[in-house]
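Residue numbers (this note's numbering): 132 to 871.
Even glycine gets a Cβ: it sits at the ideal position worked out from N, Cα and C.
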Amino acid sequence: MGHTPSGGGGAERWNTPPAPLPLLPARTSRRPAPRRHLRTRRCLGPSGGRPGRGRGRGGATSPEPRPGGFKLRAGAGGGPEGAHLVVAGRLGSCGSGSSRSMSQEGDYGKWTISSSDESEEEKPKLDKPSTSSLPHAGPRAANEPSYTCSEARKVAYKRKISPVKFSNTDSQVSSPKRQRSGSQEDLGWCLSSSDDELQLETQQKQVENVVVREEHGVSSSKGSATQRTGNHSPPAHHGFKEEEEEYETSGEGQDIWDMLAKGNPFQFYLTRVSGIKPKYNSGALHIKDILSPLFGTLVSSAQFNYCFDVDWLIKQYPPEFRKKPILLVHGDKREAKAHLHAQAKPYENISLCQAKLDIAFGTHHTKMMLLLYEEGLRVVIHTSNLIHADWHQKTQGIWLSPLYPRMAQATHRSGESATHFKADLISYLMAYNAAPLKEWIDTIHEHDLSETNVYLIGSTPGRFQGSHKDNWGHFRLRKLLREHASSITKGESWPIVGQFSSIGSMGADDSKWLCSEFKESLVTLGKESRTPGKSAVPLHLIYPSVENVRTSLEGYPAGGSLPYSIQTAEKQNWLHSYFHKWMADTSGRSNAMPHIKTYMRSSPDFSQIAWFLVTSANLSKAAWGALEKNGAQLMIRSYELGVLFLPSAFGLDSFKVKQKFFSGSKEPAAAFPVPYDLPPELYGNKVSETPVKRGESTFIEHLKHARNFHRSAMDLEHSLYQSTRYTWEHVGSLLRILKH
């Protein structure tokens, strides 16, 4: 991104939707039948497990939680007095920022609590916690986590998500063939999922003919909780049935070819969600859809991400592509890096590239796929980690590029788009300064990216001065809005909407960063725009409340993917007045907690938007950058990547907001599909309508004395609601101990 984009503003306006971009390779034969490869094994009865002793130190900071080795297991008793607790491995939490941790020895082993905060002012960066054991070769040990993430995110890698049965009344789309009730991992706290302890848990089989096969940490265990939509509905109750699938089908009941062939000028999609009405998945994508042979004959691929489950990832590729070369670009260090290498070792076709993170508390948070086909090249920029849970019951975003054809005689300046997407993507990859990416840079040079109609906005770690400040972070957004956004009258009444899944430290008041340099970038519109006063432009921040999490498809464990440390929250109570609830009836995802991150500028009546950004960047200085040296230098800690939709690139002054995300041809194609409801609704005054925050050491005492609780579950729930000391996924774990 070391250049000034020139274009996008002079595009000819159109009153009818433009011709759809070429998403699919040319085909001369009849469309192939949908792929179906199902093989299931069923496990009935409570799963076993054994207490374990874990040790660890505070992990490196991260913008989201990572899978962990802690699980709670309910006893056979029917109520609180019959409940018992098993602590296996490590207990921790992580979030967007500096990490602090503490260990405590107890009756159930040694566990570690860590809380995180993205502020560099908190604690010095510590090494990532050591893992209890690492596989030296071949398949890993049965009790080893399947994710290559810091211990902070390894809080409860055994937690699985509990889907709700589909209803067949709203659509002819067939319901899932798999129906499960939640496994013991439902008692964990993290967004991640894994079955690495499946062998241990199924050793205590209590039903005849129980056969369970460990699949290297990848099963499709799902619960049978009923959908929770009411404000007063209790958390889901989870049972112990499990099923596994070797190759789970996706896009069931929909024809991906037909869906993409209809044309979508924005190529912006949501991921499929298990447990919602089929009509809300009819235009959504699963990772298996993206990697499908329908999109092209894969030659090789590169996966950029924050968190990997290698075994699960391999199974998302069609069988015929699973031995094609795969490059994993990651930011892991030390033990986490060793574990990732151990995961990848059984696969000769996998190579790894470590992104340099030289500034403390930085992460490699970018989520991108580069897919090279025999027919061309495709770029996918999205918001999901490469783990099962991120593609299961969360709201995630995807931008899918057209199929870029190979050029016969490529030059470095050919195949460029009006948005300078090709040069910006190459600049972003060059910022890694990594030899394994040189081949991909050459590949991009060889392809024609001229049909791209979005702008690339990335962040790379470093300290940038002069014109280099405009290449990355929120200064990059400011530059694009200044050069390519259309000016609007009475712009001070057009609010900014920010939606994210993690919050960093932003200072003692909003003038320190949020409503100064960051907001100044977001309010920019056109070359003539003047930055209005600090409070002139409304700012709406969408972040799930406790009630959102409680009534979600995942229940309290969904809070594991919404890290906002209590230490940080207590230092910036001023921020809470900006918070709005997560509501997404327009896309059928009000109960699917968001891991997507979006920012936009809306008209006062929310019927139009001046621009829309989908990105991996959460609300933090680490992701967007912060000025230093009296504004002369921009410091960024992390890698991030997103795409900006500007009306000028589509020949428009503004986008109309689509009334229903999946309304199809009922609305103009030029209407932009915002994935959540507008206008946003402010938090209420109820205790449950507060932002989800992470607890820390006080939870240890409740773990130690969980067996002595004699209050009813509802009394306990009410009691815990009155305190902001607890992580709400922790609360869910305690409630499940008592209720089972």
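At the level of alpha carbons, what is the spacing between residue i and residue j?
{"i": "Ala-549", "j": "Pro-533", "result": "15 Å"}
{"i": "Ile-572", "j": "Glu-506", "result": "18 Å"}
{"i": "Met-766", "j": "Ala-616", "result": "25 Å"}
{"i": "Thr-514", "j": "Ile-457", "result": "19 Å"}
{"i": "Phe-399", "j": "Thr-655", "result": "24 Å"}
{"i": "Ser-734", "j": "Ala-780", "result": "19 Å"}
{"i": "His-417", "j": "Trp-522", "result": "7 Å"}
{"i": "Met-500", "j": "Ala-473", "result": "22 Å"}
{"i": "Gln-764", "j": "Lys-600", "result": "7 Å"}
{"i": "Tyr-411", "j": "Val-441", "result": "29 Å"}
{"i": "Gln-527", "j": "Ile-512", "result": "11 Å"}
{"i": "Leu-653", "j": "Leu-744", "result": "11 Å"}
{"i": "Ala-272", "j": "His-470", "result": "Here the model assigns Ala-272 a pLDDT of 41, short of 50, so the residue's position is not dependable, and the following value carries that caveat. Answer to the nearest angstrom: the Cα atoms are 12 Å apart."}
{"i": "Arg-173", "j": "Gly-719", "result": "A caution first: Arg-173 carries a pLDDT of 39, below 50, which makes its placement in the model unreliable, though a value can still be read off. Roughly 30 Å separates the two Cα atoms."}
{"i": "Lys-408", "j": "Ala-802", "result": "23 Å"}
{"i": "Cys-566", "j": "Ser-624", "result": "A quick correction: the sequence has Ala, not Cys, at residue 566. The straight-line gap from Cα to Cα measures roughly 48 Å."}
{"i": "Leu-670", "j": "Leu-401", "result": "25 Å"}
{"i": "Glu-547", "j": "Ala-554", "result": "7 Å"}
{"i": "Ile-697", "j": "Lys-817", "result": "18 Å"}
{"i": "Lys-476", "j": "Leu-483", "result": "10 Å"}
{"i": "Met-637", "j": "Lys-464", "result": "27 Å"}
{"i": "Gly-406", "j": "Phe-737", "result": "29 Å"}
{"i": "Trp-603", "j": "Pro-396", "result": "26 Å"}
{"i": "Ile-634", "j": "Met-538", "result": "43 Å"}
{"i": "Asn-716", "j": "Asp-420", "result": "It should be pointed out that residue 716 corresponds to Asp in this sequence rather than to Asn. Answer to the nearest angstrom: the Cα atoms are 24 Å apart."}
{"i": "Leu-560", "j": "Ser-751", "result": "23 Å"}
{"i": "Lys-256", "j": "Phe-492", "result": "Its pLDDT being 42, under 50, Lys-256 is placed unreliably in this model, and the value from its coordinates should be taken loosely. Rounded to the nearest angstrom, the two C-alpha atoms are 7 Å apart."}
{"i": "Val-510", "j": "Val-823", "result": "34 Å"}
{"i": "Phe-452", "j": "Ser-581", "result": "28 Å"}
Since residue i sits in a beta bridge, which residues does DSSP pair it with?
{"i": "Cys-484", "result": "Val-460"}
{"i": "Trp-530", "result": "Phe-399, Ile-512"}
{"i": "Lys-728", "result": "Thr-746"}
{"i": "Ala-433", "result": "Leu-458, Leu-501"}
{"i": "Ser-676", "result": "Pro-822"}
{"i": "Ala-757", "result": "Met-766"}
{"i": "Tyr-535", "result": "Leu-508"}
{"i": "His-711", "result": "Ile-673, Leu-813"}
{"i": "Gly-657", "result": "The partner list for Gly-657 (beta bridge, DSSP) is empty, contrary to what the question assumes."}
{"i": "Trp-517", "result": "Checking the displayed sequence, the identity of residue 517 turns out to be Leu instead of Trp. Phe-439."}
{"i": "Tyr-586", "result": "Leu-775"}
{"i": "His-495", "result": "Tyr-770"}
{"i": "Ser-545", "result": "None, per the DSSP bridge assignment."}
{"i": "Gln-739", "result": "Lys-787"}
{"i": "Leu-416", "result": "Thr-402"}
{"i": "Ser-733", "result": "Ile-740"}
Should residue i go down as buried or exposed, given a rule of 16 or more other Cβ atoms within 10 Å for buried?
{"i": "Leu-813", "result": "exposed"}
{"i": "Asn-584", "result": "buried"}
{"i": "Glu-771", "result": "buried"}
{"i": "Ser-708", "result": "exposed"}
{"i": "Pro-799", "result": "exposed"}
{"i": "Gly-815", "result": "exposed"}
{"i": "Lys-712", "result": "buried"}
{"i": "Ala-433", "result": "buried"}
{"i": "Lys-454", "result": "exposed"}
{"i": "Lys-741", "result": "Note that residue 741 is Ala in the sequence shown, not Lys. Counting Cβ neighbours within 10 Å, Ala-741 comes out buried, since at least 16 surround it."}
{"i": "Pro-450", "result": "exposed"}
{"i": "Gly-462", "result": "buried"}
{"i": "Asp-640", "result": "exposed"}
{"i": "Lys-728", "result": "buried"}
{"i": "Gly-762", "result": "exposed"}
{"i": "Glu-466", "result": "buried"}
{"i": "Asn-564", "result": "exposed"}
{"i": "Thr-591", "result": "buried"}
{"i": "Ser-618", "result": "exposed"}
{"i": "Asp-784", "result": "exposed"}
Can you find a CB in chain D that lies within less than 8 Å of the CB of residue i?
{"i": "Leu-775", "result": "In the displayed structure, chain D is absent; only one protein chain is listed."}
Can you give, in chain order, each stretch of the beta strand (DSSP E) that sits fully within the segment 765-823 and has at least 3 residues?
Within the segment 765-823, the complete beta strand (DSSP E) segments at least 3 residues long are 771-776, listed from N- to C-terminus.
Three CB pairs or more closer than 8 Å across the segment 687-695 and the segment 786-795
no
Using 8 Å as the threshold, is the segment 697-713 in touch with the segment 590-608, meaning 3 or more CB pairs across them?
no
Just checking, does the segment 637-650 make contact with the segment 721-740 on the three C-beta pairs under 8 Å criterion?
no
In chain order, what are the residue ranges of uninterrupted alpha helix (DSSP H) at least 4 long that sit wholly in the segment 569-635?
Listed in chain order, the complete alpha helix (DSSP H) runs (minimum 4 residues) inside the segment 569-635 are 569-576, 604-615.
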